[in-house]
Structure formats: C-alpha cells, structure tokens
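Novice: Residue numbers (my numbering), protein chains in the order written: chain S, 1 to 118; chain B, 1001 to 1117.
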Amino acid sequence: AQKITQTQPGMFVQEKEAVTLDCTYDTSDPSYGLFWYKQPSSGEMIFLIYQGSYDQQNATEGRYSLNFQKARKSANLVISASQLGDSAMYFCAMREGPAWAYGQNFVFGPGTRLSVLP
Amino acid sequence: DGGITQSPKYLFRKEGQNVTLSCEQNLNHDAMYWYRQDPGQGLRLIYYSQIVNDFQKGDIAEGYSVSREKKESFPLTVTSAQKNPTAFYLCASSIEGQSRAVNTEAFFGQGTRLTVV
Chain S
1 AQKITQTQPG
11 MFVQEKEAVT
21 LDCTYDTSDP
31 SYGLFWYKQP
41 SSGEMIFLIY
51 QGSYDQQNAT
61 EGRYSLNFQK
71 ARKSANLVIS
81 ASQLGDSAMY
91 FCAMREGPAW
101 AYGQNFVFGP
111 GTRLSVLP
Chain B
1001 DGGITQSPKY
1011 LFRKEGQNVT
1021 LSCEQNLNHD
1031 AMYWYRQDPG
1041 QGLRLIYYSQ
1051 IVNDFQKGDI
1061 AEGYSVSREK
1071 KESFPLTVTS
1081 AQKNPTAFYL
1091 CASSIEGQSR
1101 AVNTEAFFGQ
1111 GTRLTVV
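What follows is the structure, encoded as structure tokens:
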C-alpha cells in the first residue's frame, strides 16, 4: 500500500498567487516526520520544510507553510506568492518509527509537477 | 563547503557491464542512502546504511551492490544483473547518531544519470 499519496500529477498557478500541493500519508506509528522537497529540472533535491507528528503548530519557512491535519493524515504544502522559479517537481516524504528502531528511511510520494505561469 | 558529491554526472554503460557510482559526503553524517528515480516518478530506495560497515537492502536492491568502508563514502555498483538500469540515481545522507530522530532531513547530491547503450 502507498504510504505517501500525492493526487495531483500536475498543477498550474499564476505568478504571485498561492498554491496548495496535496499530500496524504499512512502510518500507525505515533512518531513520524513529514518533509517536502523541491526538485528543479536540474535534478537536485532541495529540502523545503519539516513537520513533526507531535508539533502543535503548522510549520512555516518563508513563503512555504505546511497545512498539517493529523486526524486526516494530510500534510499539504502551501506556497504563497508564487514565483517563476517555483516551477519544479515537489515531493512529500515521511520518516516514521520509534527512536529505538533501526532503519528509519525516507519514503517518498510520486510527486506533483508545479508550473508557474507568467 | 559541506555537502554531498556524486560522480560522474552522466554515465553510459554497455550491456553486461558493471558500473560504480560514487557518493562522498563531508557532513559527518552517519546515515547514507541510494535512491533510483525513473522519468516522472518518485524516488525508490535501493540501499541504505546507518553506520560504517553495515548496510541494508531497500525496496529495489536486486541487481545492485554497495559498500560502506568509510563514513564519508557509499559507492553503488550497478551490476549486469540489473536488467533495466537506465535511470537517475540520487545519493543522500542524514545525521543520525544514537538518537535516530525522525526530524532530521536528508541532504541530496546532484545525481548521476545512467544510460545503457
């Protein structure tokens, strides 16, 4: 079963507008972390933002914020004031497991391709 | 500057050959990972290592091998047993230590694009 689901293969947004990229996850562990990465056409993966399962507040990093709804198991990325340079693939990822466990790997979703229109 | 270096950026392999992809990090991270990415797809875990001289298979380890003799280095060998090796390969690392915390992000290299010719 998919642990990370990103239901939007592609999204378009007008420059300077806000956009929300969806991510839902599946885990039975109470301790987990959720990450968003950006992958431009050059291929490198750029870390954007992190949300922990015990965090009380939604994470924010500059123009990026995370709409974390724990009961719904969703962690949507919100990009405000979109810029042309935001055009890229965006991946949601999860890391789960108790602190004593071995091999807490990152599991990635299939990604959403965001295109920012001038 | 601290970071992860993958080489080469582009690699061409003939049918039946083994090739080795290099991954070096100077971040003093304990954990290192290899992912494969096919066009338009997400990342799939090939192998990971939490500590020197130890590594574990990921979801798609068949046809690949790794070693972790030094903390800084985690080379990936694509063997002739890998029937469809053409893909983009990403190496990553994360700081772990004894805490095994879930809140530490992975840092990625620039990737190696492997093509079978």
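Heads up, the beta-carbon is just placed ideally off N, CA and C, and yes, glycines get one too.
Is the segment 48-55 of chain S in contact with the segment 1036-1047 of chain B, if contact means three or more CB pairs nearer than 8 Å?
Specialist: Output reads no: the segment 1036-1047 of chain B does not touch the segment 48-55 of chain S.
Novice: With a cut-off of 9 Å, does the C-beta of residue 45 of chain S fall near any C-beta of chain B?
Specialist: Yes, residue 45 of chain S counts as interfacial toward chain B.
Novice: Which residues in chain S sit within 8 Å of residue 1041 of chain B, going by Cβ to Cβ distance?
Specialist: Simply 110, 111.
Novice: How big is the Cα-Cα spacing for residue 1098 of chain B and residue 107 of chain S?
Specialist: In this predicted model, residue 1098 of chain B has a pLDDT of only 48, less than 50, meaning its place in the structure is not dependable; the value taken from the coordinates is given anyway. Cα to Cα, the separation comes out at about 21 Å.
Novice: To the nearest angstrom, how far is the alpha carbon of residue 1030 of chain B from that of residue 12 of chain S?
Specialist: If you take the alpha carbons of residue 1030 of chain B and residue 12 of chain S, they lie about 39 Å apart.
Novice: DSSP puts residue 39 of chain S in a beta bridge; with which residues?
Specialist: DSSP lists S/89 as partners of residue 39 of chain S.
Novice: What did DSSP end up calling residue 66 of chain S once you bin it into helix, strand or coil?
Specialist: Residue 66 of chain S: strand per DSSP, three-state reduction.
Novice: Is DSSP giving residue 1076 of chain B helix, strand or coil here?
Specialist: Residue 1076 of chain B falls in the strand class under three-state DSSP.
Novice: Out of B/1092, B/1076, B/1064, state which residue places its alpha-carbon closest to the alpha-carbon of residue 47 of chain S.
Specialist: Minimum Cα distance to residue 47 of chain S is reached at B/1092.
Novice: Quick check on residue 99 of chain S: does DSSP put it in helix, strand or coil?
Specialist: Because residue 99 of chain S carries a pLDDT of 48, less than 50, the predicted location of this residue cannot be relied on, and no value is offered for it.
Novice: Taking 8 Å as the cut-off, does the segment 1044-1059 of chain B touch the segment 1003-1010 of chain B (at least 3 CB pairs, one atom from each stretch)?
Specialist: No: the two stretches stay apart, fewer than three of their Cβ pairs being nearer than 8 Å.
Novice: Just how far apart, CA to CA, sit residue 56 of chain S and residue 22 of chain S?
Specialist: Straight-line Cα distance between these residues: approximately 20 Å.
Novice: Taking Cβ-Cβ distances shorter than 8 Å, what residues in chain B pair up with residue 68 of chain S?
Specialist: Chain B residues near residue 68 of chain S: none, gap ~14 Å exceeds 8 Å.
Novice: Which class does residue 46 of chain S belong to by DSSP, given the choice of helix, strand or coil?
Specialist: DSSP places residue 46 of chain S in strand when its eight states are reduced to three.
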